[in-house]
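Okay, so here's the structure we're looking at.
In our numbering, the protein residues as written are 408 to 716.
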């Protein structure tokens, strides 16, 4: 996730860009209570006809740029940050926000299954690499036997992390292991790695206490970790990474909303894309897939989640 999918409140210390007070003012507690409080304070339905609240999970300013561009088209886009991956889909399903943009397709499939929701991807935002980082090792070969590795503990990102370690030749996964790999799917662990699964947003904080950590790009960037320092990372243009494409998502019944189509078009605009590249330190790759292509990819991921061939 970028977002990724979805991240801590810390800012990039090296960015030097101004804060966005509107977004910073929404604390984690406010996000957590959004499910019950936002709708109650919104006024009549008519007054909200052109207000589009977008749930995001990081501090990337591309959505602030989009909100400014949206004003020129008569749209009121409000960016609502969440610091917990479990909240934006619940808020969307409850009608407390109209769109969200924090997750990749693997996470979305898992969330729909677990929560019985029908949230669909409207358009891609970007795909970003996941990387293995360390404060103690300069290269993969420097990791000691028995190294402790922290990695995200949610099913979507745990599977991605273990597949990353397999591509790095640190472990082997059982033949046929899919996107939702767990420690039980490890067939060989020649370096006797020890695993510490934690909340994805906490992985950077463990770097001082473990030998290495698998960290989502958005989380790494917000923690001031440069993607170039990764011991190993995904190739965002590889077909194997397509399930981890981050998306703008809506409730299925709202997929044809014309105002949401305007938001999708705005996201692909040059001002927004320029900002997205800048704030991702150039690591984000925007892929131009249609809603139909995204739906097909989500269906494929969902079949794998449910164990279908």
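Think of the CB as a built atom: it goes at the ideal place given N, C-alpha and C, for glycine as much as any other residue.
Do three or more CB pairs link the segment 522-534 to the segment 660-673 at distances below 8 angstroms?
yes
In the DSSP assignment, the beta strand (DSSP E) including residue 485 goes from what residue to what residue?
483-488
Using 10 angstroms around the beta-carbon of residue 712, count the other beta-carbons present and answer buried if the total reaches 16, otherwise exposed.
Answer is buried; the Cβ neighbour count reaches 16.
Can you list, in chain order, the stretches of the beta strand (DSSP E) that have 3 or more residues and sit fully within the segment 617-697?
The segment 617-697 is shown to contain whole beta strand (DSSP E) runs of 3 or more residues at 619-623 and 653-658, in chain order.
Going by alpha carbons, who is nearest to residue 496 out of 544, 485, 509 and 484?
509
Can you tell me which of 661, 652 and 691 puts its alpha carbon nearest to the alpha carbon of residue 697?
Closest by alpha carbon: 652.
Going by C-alpha to C-alpha distance, which of 503, 500, 514 and 638 sits closest to residue 706?
514
Work out the CA separation of residue 577 and residue 548 for me, nearest whole Å.
10 angstroms
When the Cα of residue 575 is compared with those of 667, 546, 482 and 503, which residue comes out closest?
546
What is the rounded straight-line gap between the Cα of residue 643 and the Cα of residue 691?
Spanning the alpha carbons of residue 643 and residue 691 requires a straight line of approximately 8 angstroms.
State the CB to CB distance for the pair residue 507 and residue 462, rounded to an integer number of angstroms; the pair is presumed to be in contact (CB under 8 angstroms).
4 angstroms
DSSP three-state label for residue 520, please.
helix
Going by C-alpha to C-alpha distance, which of 656, 628 and 699 sits closest to residue 518?
656
Just how far apart, CA to CA, sit residue 504 and residue 667?
12 angstroms
When DSSP builds the beta bridges, which residues end up paired with residue 559?
605
Taking DSSP as the reference, what is the three-state secondary structure of residue 535?
coil
Is the beta carbon of residue 476 closer than 9 angstroms to that of residue 460?
Against a cut-off of 9 angstroms, the Cβ pair of residue 476 and residue 460 comes out as no contact.
Apply the 10 Å Cβ neighbour rule to residue 564 and answer buried if 16 or more other Cβ atoms are within range, or exposed otherwise.
buried
Have a look at the DSSP bridge pairing and note the partners of residue 579.
595
Could you round the C-beta distance between residue 511 and residue 552 to whole angstroms and report it? I think they count as a contact, below 8 angstroms.
In fact, because the Cβ distance is near 33 angstroms, the residues do not count as touching under 8 angstroms.
Can you tell me the Cα-Cα spacing of residue 613 and residue 544, whole angstroms?
Taking the straight line joining both Cα atoms gives about 14 angstroms.
Exposed or buried, which one is residue 636 when buried takes at least 16 other CB atoms within 10 Å?
exposed
Quick check on this structure: which residue in 554, 694, 645 and 714 has the alpha carbon closest to the alpha carbon of residue 621?
554
Please return the same chain residues whose Cβ sits closer than 7 angstroms to the Cβ of residue 649, not counting the five positions on each side in sequence.
Excluding residues within five positions, the ones whose Cβ falls inside 7 angstroms are 704.
Between which residues of its own chain and residue 605 is the CB-CB distance below 8 angstroms, once the five residues before and five after are set aside?
557, 558, 559, 560 and 613
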